[in-house]
Amino acid sequence: MEITANDKWISIHPAVLSMIAALGVTVDPKNIHCQKLEARSSHYLARMGLFKTLKIPFAGAFVEHEPAGRFIPITQIRSSDELSRFITDMVPLLHLEPEQSRTIGYIISELARNVIEHAESAHGAFLCAQYYKKSNTIRIGIADTGLGIKATITRSHPARTDLEAIKLALWPGITGATSREGGTEQNAGAGLFFIKSIASINRDFFVIYSGGALYKLLKKTVGSSARLHADPFRDRHSQEEELPVWRGTVVGADITLDQTAEFSALLDAIAGTYKTAVRERVKARYRGPRFI
Amino acid sequence: MKTISIYNRTGAFAENKDTARDIRVKEIVPALNSGEEVVLDFEKVEAATQSFVHALISDVIRKFGSGSLDRMSFKSCGPVVKKIIGIVVDYMQEGLGPE
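Put into structure tokens, the structure is as follows:
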């Protein structure tokens, strides 16, 4: 594994940092080569715990900042209890308003639980987050090197491509755990729909990458419709196929704190969309009598 | 009547689905099976994830039918928790038809 960076500047989304960490822990540290990082901002990688996670030395010197109020360093989460402890201990360190803290905790919980329950990754989930003062935004990234969305969703629903699988995973009420309406006793197939909806209502950035496909919800401008869609392809988005294959899943989200809608208002919108989606899916299965 | 304090099991943020399953399997279902009414007390719970609430009650609604909602009540829920419970109850009942 080779880590390189621009000599002048380094700007990395937490989703990418999480990817490097998730991939890096599958490699013997002896086989990880990191070029001498010249950019002044290279200490950021050390501060986020990248070299510690990969068990490789960092050549430069850096001042270890108190993480409170700024970032959550790369953290590996392998179990349900580890996740609960992480949310209790780490989210308060971002020093957010209760409403914002609730939204961030919600996103982390749902994303990391997806990994723990579905990905079958030997190394669990890697996640980190960074607060950007200028834009008053929290950027969150989570990555795993597990089965990937297509392998898990096609256990119960047909999908020919990675992009089709991502579409199904974002659709409310669709889970790889069952083809039954309402999900199983433990899985509803709603987690990713909720996260995408939070991003959509707040006009935030959201990206999901699995296999060779990527779905990106594009930021909406203020004043544009924040209407929710059950079908993620009806949201303003971009998509890519035939990218280098990521064996696992990566999710990134930017939550702009200035415009974070009240969580309860957000839930009203989600409830309406969800109910309609389930109703339409159930109705699609109804069969009328055949009069001959 | 059996009252179950969610806060005592989860703290202020109810998100651990394993805990939800334990409450469902070990407390809610046995109580309903023995004819008791169940009160899920959300006092001091500030937020809950949809996944938590789904793991807590969806299988109860599926197994006992919509009638289970007459024997199970939700106490001291804040607006967020109330809405999450409403979403889960709605979609479970929407999907209760034949498969």
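Sequences listed follow chains H and S, in order. Going by the working numbering, the first residue of the first sequence is number 403, and it counts up by one from there. Going by the working numbering, the first residue of the second sequence is number 2, and it counts up by one from there. Backbone N, C-alpha and C fix where the C-beta goes; we use that ideal spot for every residue, glycine too.
Cβ-based neighbour list, residue i, same chain, cut-off 7 angstroms, excluding 5 preceding and 5 following
i: S:Glu100; result: Bear in mind that a pLDDT of 40 at S:Glu100, under 50, signals an unreliable position, so the number given afterwards is only what the model happens to contain. Excluding sequence neighbours, S:Glu100 sits near nothing in its chain.
i: H:Cys436; result: Ile405 and Ile458
i: S:Thr2; result: For the record, residue 2 of chain S in the displayed sequence is Met; it is not Thr. Excluding sequence neighbours, S:Met2 sits near Glu37, Glu38 and Val40.
i: H:Ser438; result: Per the sequence shown, residue 438 of chain H should be read as Lys rather than Ser. Cβ neighbours of H:Lys438 beyond the five flanking positions: Ala461.
i: H:Glu522; result: Gly548 and Leu549
i: S:Arg22; result: Ala56
i: H:Asp409; result: Glu440 and Ala441
i: H:Met388; result: Outside the modelled stretch of chain H, which goes from 403 to 694, sits residue 388 of chain H, for which no answer is possible.
i: H:Thr539; result: Asp656, Ile657, Thr658 and Leu659
i: S:Ile7; result: Ala15, Leu41, Asp42, Phe43 and Val46
i: S:Arg72; result: Leu33, Glu38 and Val39
i: S:Lys18; result: Ser52, Phe53 and Ala56
i: H:Asn433; result: Met403
i: S:Cys1; result: No statement about residue 1 of chain S is possible, as the shown extent of chain S runs from 2 to 100 and does not include it.
Contacts around residue i, its chain only, beta-carbon distance under 8 angstroms, and the 5 residues preceding and following it disregarded
i: H:Leu572; result: Leu594, Phe595, Lys598, Ile610, Tyr617 and Pro634
i: H:Leu529; result: Pro416, Ser420, Ile474, Ile476, Thr477, Ile479, Ile510, Leu513, Ala514, Ile542, Gly543, Ile544 and Ala545
i: H:Glu519; result: Gln588 and Asn589
i: H:Ile489; result: Gly507, Ile510 and Ser511
i: H:Pro494; result: Ser503
i: S:Ile5; result: Ile24, Glu28, Ile29, Val39, Val40, Leu41 and Asp42
i: H:Lys622; result: Ser602, Arg605, Ala628 and Arg638
i: H:Arg683; result: Gly575 and Glu583
Residues near residue i in its chain [Cβ-Cβ closer than 6 angstroms; skip 5 each side]
i: H:Met492; result: Ile474
i: H:Val652; result: Ala417, Met421, Ala545 and Tyr611
i: S:Glu16; result: Thr50 and Phe53
i: S:Ser69; result: Val61 and Ile62
i: H:Leu485; result: Ile479 and Ala514
i: H:Thr577; result: Gly585, Asn589 and Gly591
i: H:Val680; result: Gly575
i: H:Ala615; result: Asp564, Leu565, Ile568 and Glu643
i: S:Ser74; result: Val40
i: H:Ala527; result: Ile479, Ala514, Val517, Ile544 and Asp546
i: S:Thr20; result: Arg10 and Thr11
i: H:Gly654; result: His415, Ala417, Gly543 and Val609
i: H:Leu570; result: Ile555, His559, Ala561 and Ile576
i: S:Gln1; result: Residue 1 of chain S lies beyond the range of chain S shown here (2 to 100); nothing can be said about it.
Beta-carbon separation (whole angstroms), residue i vs residue j, contact threshold 8 angstroms
i: S:Ala48; j: S:Val82; result: 7 angstroms
i: H:Thr547; j: H:Arg649; result: 6 angstroms
i: S:Pro80; j: H:Ser482; result: The pair is not a contact, with the Cβ atoms about 27 angstroms apart (cut-off 8 angstroms).
i: H:Met403; j: H:Val427; result: That pair is no contact at about 10 angstroms.
i: S:Asp91; j: H:Lys677; result: 5 angstroms
i: H:Leu630; j: H:Thr580; result: Wrong, their Cβ atoms sit about 24 angstroms apart, outside the cutoff.
i: S:Ser59; j: S:Val89; result: 6 angstroms
i: H:Pro431; j: H:Leu456; result: 6 angstroms
i: H:Leu619; j: H:Ala601; result: 6 angstroms
Residues bridged to residue i [DSSP beta-bridge criterion]
i: H:Arg541; result: H:Gln532 and H:Asp656
i: S:Ala41; result: It is worth fixing the name first, because residue 41 of chain S is Leu in this sequence and not Ala. According to DSSP, which records beta bridges pairwise, S:Leu41 is partnered with S:Ile5 and S:Phe75.
i: H:Asp546; result: H:Thr651
i: H:Thr477; result: H:Leu529
i: H:His699; result: Any question about residue 699 of chain H goes unanswered here, given that chain H covers just 403 to 694.
i: S:Phe14; result: S:Ala48
Chain C within 8 angstroms of residue i, Cβ atoms only
i: S:Asp23; result: Judged by its chain identifiers, the structure shown contains no chain C, and its protein chains are H and S.
Next item on the list: Tell me the start and end of each unbroken alpha helix (DSSP H) in the segment 572-651 of chain H that is at least 4 residues and wholly inside, in chain order.
Entry: 593-603
Next item on the list: Determine contact between the segment 4-20 of chain S and the segment 631-650 of chain H, defined as no fewer than three beta-carbon pairs at a distance below 8 angstroms.
Entry: no
Checklist line | contact_flag[the segment 33-45 of chain S, the segment 495-508 of chain H] where n(CB pairs < 8 angstroms) is 3 or more | finding: no
Margin query: Three Cβ pairs or more, each shorter than 8 angstroms: is that satisfied between the segment 548-555 of chain H and the segment 529-540 of chain H?
Written below: no
Checklist line | Secondary structure, alpha helix (DSSP H): runs of 4+ residues fully inside the segment 59-87 of chain S | finding: 69-72
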